[in-house]
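**Student:** Residue numbers (my numbering): 47 to 344. One structure, pasted below without further comment.
The structure is reproduced here in structure tokens:
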């Protein structure tokens with residue numbers, strides 16, 4: 047059975063689209079259709095039901111996809127890694143992620159890539175923007191605080207960081223001097239990443255406290271903006287350790303002691319499998335995962 051046809055099948059299966067697979071594989075739609083027809087002839091059963099928009103896999107396609115699993119991707123990753131050691135890596139690498147994480151964590155790990163000629167282009171966005179940019183091919187790698195649930199993308203854990211409740215030293219002192227610190231926190235202005243309060247709710251949950259209904263005084267998707275306001279003595283927030291630890295060490299922020307435990311937050315590297323055919327993308331993915339896992343003991 048042709049590996050080329052199997053690769054075509056995998057892309058059509060993932061994208062549920064002949065045209066989408068054709069764009070990803072840089073093939074014509076008739077060529078993709080011929081590959082699928084050839085497989086169907088070999089198997090003797092239809093793999094997809096053609097619809098007005100896209101295709102629907104048959105049970106035979108589901109079984110074939112399960113049998114293939116990630117083996118094709120793993121083989122292509124290995125080949126790309128070998129090529130990366132022998133071919134010129136120069137070119138632009140498009141990375142998209144949360145602004146503060148890119149600035150405070152990822153940027154510090156880019157020097158080895160820059161030194162071998164990879165030109166890095168960083169863009170910022172929320173989870174929806176990250177996944178959409180990867181799916182549409184505008185970016186090569188994405189970094190998010192949530193894994194991808196889209197079958198067209200792969201994701202892998204990069205690191206897990208602690209989440210601390212923090213405020214300026216004077217605010218923490220005031221909160222700690224109240225009879226009930228947790229109750230006092232609920233009356234203090236809150237600064238958050240979004241209206242859904244993901245980090246703050248995680249902190250309350252880790253400490254077995256029913257998360258209260260809170261309307262944030264400020265919402266900002268670059269957490270460094272929250273730090274700037276906290277340092278001026280306004281409100282409190284729950285922030286990842288990678289961001290607030292330097293502020294704590296300088297005495298600009300102070301941790302509000304957790305009654306039970308700090309919360310945690312995981313960060314994931316996301317990519318479209320076909321992107322790894324580019325040696326620089328395969329090399330960058332491997333390098334970032336290795337360096338960040340090594341640094342954070344994963």
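No residue lacks a Cβ here, since even glycine has one placed at the ideal position from N, Cα and C. Note that this is a predicted model, so its numbers are computed, not measured.
For residue 340, which three-state DSSP category applies?
**Tutor:** Helix.
**Student:** With a CB to CB cut of under 7 Å and the five nearest residues on each side skipped, what residues in its chain are close to residue 249?
**Tutor:** If we look at residue 249 and ignore the five residues flanking it on each side, its Cβ neighbours are 209, 211, 284 and 309.
**Student:** Grouping DSSP H, G and I as helix and E and B as strand, with all else coil, what is residue 94?
**Tutor:** Strand.
**Student:** Ignoring anything shorter than 4 residues or poking outside the stretch 222–249, list the alpha helix (DSSP H) runs there in chain order.
**Tutor:** DSSP runs (the alpha helix (DSSP H)) wholly in the stretch 222–249: 227–231.
**Student:** By DSSP, does residue 413 sit in helix, in strand, or in coil?
**Tutor:** Any answer about residue 413 is impossible in this case: the structure gives the chain only from 47 up to 344.
**Student:** Rounded to whole angstroms, what is the Cα-Cα separation between residue 327 and residue 186?
**Tutor:** Near 7 Å, if we compare the C-alpha coordinates of residue 186 and residue 327.
**Student:** Report the rounded CA-to-CA distance for residue 267 versus residue 145, giving the unit in angstroms.
**Tutor:** Looking at the two C-alpha atoms, the distance is approximately 8 Å.
**Student:** To test your reading of the DSSP string, which unbroken beta strand (DSSP E) runs of 3 or more residues are found completely within the stretch 50–120?
**Tutor:** Fully enclosed beta strand (DSSP E) runs of 3 or longer: 94–96 and 101–103.
**Student:** Could you pull out every residue in the same chain whose Cβ sits closer than 7 Å to the Cβ of residue 237, ignoring the five residues on either side in sequence?
**Tutor:** If we look at residue 237 and ignore the five residues flanking it on each side, its Cβ neighbours are 262, 263, 264, 272, 275, 276, 281 and 283.
**Student:** Roughly how many angstroms separate the alpha carbons of residue 105 and residue 179, rounded to a whole number?
**Tutor:** So the alpha carbons of these two residues sit roughly 31 Å apart.
**Student:** Determine the burial state of residue 103: buried for a count of at least 16 other Cβ atoms within 10 Å of its Cβ, exposed for fewer.
**Tutor:** Buried: at least 16 other Cβ atoms inside 10 Å.
**Student:** Which residue's Cα is closest to the Cα of residue 174: 279, 225, 83 and 195?
**Tutor:** For residue 174, the nearest C-alpha among the options comes from 195.
**Student:** Per DSSP, what kind of secondary structure is residue 315 in: helix, strand or coil?
**Tutor:** In this structure, residue 315 counts as strand in the three-state DSSP scheme.
**Student:** Determine the contact status of residue 313 and residue 141, defining contact as a CB-CB distance below 8 Å.
**Tutor:** No, Cβ-Cβ distance for residue 313 and residue 141 is not below 8 Å.
**Student:** By how many angstroms is the C-alpha of residue 197 removed from the C-alpha of residue 29?
**Tutor:** Since the displayed the chain opens at 47 and closes at 344, residue 29 lies outside it and no answer follows.
**Student:** Report back the beta-carbon spacing between residue 159 and residue 139 to the nearest angstrom; my notes put them in contact at under 8 Å.
**Tutor:** With a Cβ gap of about 7 Å, residue 159 and residue 139 count as contacting.
**Student:** Among 218, 81 and 89, which has the Cα closest to the Cα of residue 278?
**Tutor:** Per the Cα distances, 218.
**Student:** Over the uninterrupted alpha helix (DSSP H) stretch that includes residue 370, give me the two end residues.
**Tutor:** With the chain represented from 47 up to 344, any question about residue 370 goes unanswered, as that position is not in the structure.
**Student:** Looking only at C-alpha atoms, which of 306, 330, 206 and 290 sits nearest to residue 253?
**Tutor:** Per the Cα distances, 306.
**Student:** I'd like the list of long-range same chain contacts for residue 291, defined as Cβ closer than 7 Å, with 5 residues on each side in sequence excluded.
**Tutor:** Within the same chain, residue 291 has no close Cβ partners at all.
**Student:** Going by the CB atoms, is the gap between residue 243 and residue 230 shorter than 8 Å?
**Tutor:** Their beta carbons are not under 8 Å apart, which means residue 230 does not touch residue 243 by this criterion.
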